[in-house]
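Encoded as structure tokens, the structure appears first; notes follow it.
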Amino acid sequence: MKILFVVSEVEDLAKTGGLADVAKSLPISLIAMGHDVRIVKPYYKSLADKYDLDDCCPRQQLYAHKRRYEFGVKALSLEKVPVYCVDYPEYFNRQGLYSDGYHAYGDNAERFAFFSAAALQAAKALDFHPDIVHCNDWHTAMVPFLMQADNSGYFQHTKSVLTIHNGAFQGTHEFADIPFLQPYEQLQQQLDGNALNYLRMGIRYATRINAVSPNYAQELLTPLGSHNLYNEFQARRSAVSGILNGCDYQQWDPATDPYIPANYTSDNLDGKAQCKQALQQECGLPANDSVPVIGMVCRLTEQKGFGYILPIMANLLQHNVQLVIVGTGDPSIADALKTHRDQHPDKFRFIEDFSVKLAHLVEAGSDFFLMPSLFEPCGLNQMYSLAYGTLPVVRAVGGLKDTVLDLHSAPEYATGFMFEHPDSTALLNCLRRALLFYHEYPDLFAAMRIRAMNTRFTWQDAAVDYERLYTEAQANG
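Have a look at this one:
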């Protein structure tokens with residue numbers, strides 16, 4: 071199949087989150103299966119500064135609202151995947167992808183409406199007739215509508231797939247602030263008051279709607295888990311599915327990881343003890359192999375469960391345990407963590423920063439990884455943790471439920487610890503259960519650690535599922 075992958079960020083080229091990992095790994099796996107995949111993304115400043123690419127086709131023009139948009143298309147290759155970059159400096163020659171670091175750009179809706187149309191125009195300019203256009207999250211959710219609104223006939227036989235990586239971000243903006251879309255009168259009847267919700271439009275117009283885990287797909291079909299789009303998802307219920315993201319085990323493999331002080335495998339865990347000692351030393355915590363270390367690397371947001379983490383911090387740190395949290399984000403969460411850090415200097419370290427090296431060290435040096443998310447469409451850190459023999463402590467939500475097997479529900483196959491209710495009591499009980507297991511059943515803990523390390527979620531498997539989804543979209547429309 072010919073697949074046009076339209077996305078706002080790609081690992082190794084421009085990244086803010088897990089979307090970029092998918093946008094790199096899935097196309098690579100699909101090309102390995104024999105498909106013709108092309109990625110289209112914006113030509114951000116960081117990319118332009120690094121590569122300074124030439125145009126790969128004549129400059130293109132789009133017209134909307136009495137305005138002419140002239141843009142270039144740059145080309146590069148990412149591990150055999152052709153990547154085309156839409157070059158429109160007025161919208162993309164900025165320091166950040168979506169924000170200045172503190173505030174989202176006020177014209178994001180205009181920027182990505184233009185980009186969505188420009189991606190389709192680029193396909194025409196390159197004479198690439200896709201069987202499938204695969205768009206991702208709200209930034210490109212207008213693509214299916216724009217395909218249908220295109221009167222050239224170029225996409226007449228093309229089907230569209232929208233993958234929802236995080237339905238909480240929907241791209242809702244005042245319609246009057248989106249000049250590029252003003253000519254489309256049919257959008258006037260689909261506004262929320264005076265605002266246009268991009269994700270809603272994607273749900274309405276895409277041939278197929280896909281979530282990044284099967285359980286998250288089911289949650290989107292419920293009033294509680296639908297991010298206030300319950301009616302939209304219900305109306306397209308038969309078109310909604312879920313495919314679990316894979317994990318990049320080339321980057322996350324303790325046997326070859328260049329960022330950790332000692333490599334190790336499930337057959338020889340000596341290196342993990344060295345990593346634990348290095349993590350304790352890095353964080354200024356007492357070096358003690360018998361004390362369990364709980365690690366956490368994440369954005370400091372309510373989504374990650376801090377609403378019920380913070381109230382139990384004092385109780386948790388009464389136990390024989392060490393806790394390391396690394397991340398940046400909400401200043402109020404950071405301030406609260408700093409207070410606990412000052413009160414428990416021998417047991418807790420909060421590092422308000424992020425680095426790849428430190429993230430790898432936390433995964434390798436911890437005994438448990440804390441990921442009690444309020445919601446988690448797929449999640450990647452729990453997969454990394456399993457690979458590193460660091461048992462995840464997670465809430466039974468989204469992709470966490472699809473990837474971690476709880477000790478209580480599946481003792482012979484367990485790979486971690488899970489709780490249901492999003493409250494402090496449930497989390498504290500789960501953590502105490504994990505710590506008790508560590509201290510009282512060391513042999514069973516060691517066996518669970520090895521079982522976790524041998525668990526795999528590959529992009530090859532995910533690509534097979536996406537191939538099936540594309541085939542169904544083509545066949546059933």
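Position in the sequence shown (from 1) plus 70 gives the number in this note's numbering. A virtual CB, placed ideally from N, CA and C, is assigned to each residue, including glycine. Here the structure is a predicted model, which is why all the values come from computation and not from measurement.
When the Cα atoms are used, Leu-167 and Leu-266 turn out to be separated by approximately 21 Å. In the DSSP assignment, Gln-131 falls within the unbroken beta strand (DSSP E) covering 130-134.
Per the DSSP secondary-structure output, His-243 pairs in a beta bridge with Leu-266.
Sixteen is the threshold: since fewer than 16 other Cβ atoms of the shown chains lie within 10 Å of the Cβ of Val-426, the residue is exposed.
Beta-bridge pairing by DSSP links Gln-392 to Val-363. DSSP places Ala-192 within a helical segment (H, G or I) once states are collapsed to three.
By the neighbour-count definition (other C-beta atoms within 10 Å, threshold 16), Tyr-454 is a buried residue. Under the 10 Å beta carbon count, Met-441 is surrounded by 16 or more other beta carbons and is classified as buried.
In terms of Cβ geometry, Phe-418 and Leu-387 form a close pair [threshold 8 Å]. Membership of Met-217 in the alpha helix (DSSP H) is indicated by the continuous run 213-219.
Of the candidates Gly-341, Lys-111 and Tyr-133, the residue whose Cα lies closest to the Cα of Ser-436 is Gly-341. A distance below 6 Å between beta-carbons, with the five flanking residues on each side excluded, links Phe-250 to the following residues of its chain, in chain order: Ala-134, Glu-180, Ala-183 and Phe-184. Judged by their CB atoms, Gly-312 and Asn-285 are nearer to each other than the 8 Å cut-off.
According to DSSP, Lys-144 shares a beta bridge with Asp-125 and Cys-155.
Under the 10 Å beta carbon count, Pro-112 is surrounded by 16 or more other beta carbons and is classified as buried. Of the residues Glu-255, Tyr-319, Leu-269 and Asp-220, the one whose Cα lies closest to the Cα of Ala-457 is Tyr-319. Here Leu-83 carries a coil assignment [DSSP, helix/strand/coil].
Under the three-pair Cβ rule at 8 Å, the region 341-359 does not count as touching the region 378-385. By the CB criterion at 8 Å, Gly-241 and His-209 fall inside the cutoff. The beta carbon of Val-151 lies closer than 7 Å to those of Pro-97, Ile-98, Ile-101, Val-107 and Ile-109 in the same chain, with the five residues before and after it left out. Segment contact: the region 295-313 against the region 272-282, three or more CB-CB distances shorter than 8 Å; contact assigned. Leaving aside the five residues that flank Ala-219 on each side, the residues in its chain whose CB is nearer than 7 Å to its CB run, in chain order, Tyr-254. Looking only at Lys-374, Tyr-161 and Leu-232, the smallest Cα-Cα distance to Tyr-139 is reached by Tyr-161. His-430 sits buried, since 16 or more C-beta atoms from the chains shown fall within 10 Å of its C-beta. Taken atom to atom, the span from the alpha-carbon of His-105 to that of Lys-72 is near 6 Å. At the C-beta level, Lys-144 and Asp-119 stay beyond 8 Å of one another.
Ranked by Cα distance from Thr-398, the first of Thr-371, Ile-248, His-410 and Ala-384 is Thr-371.
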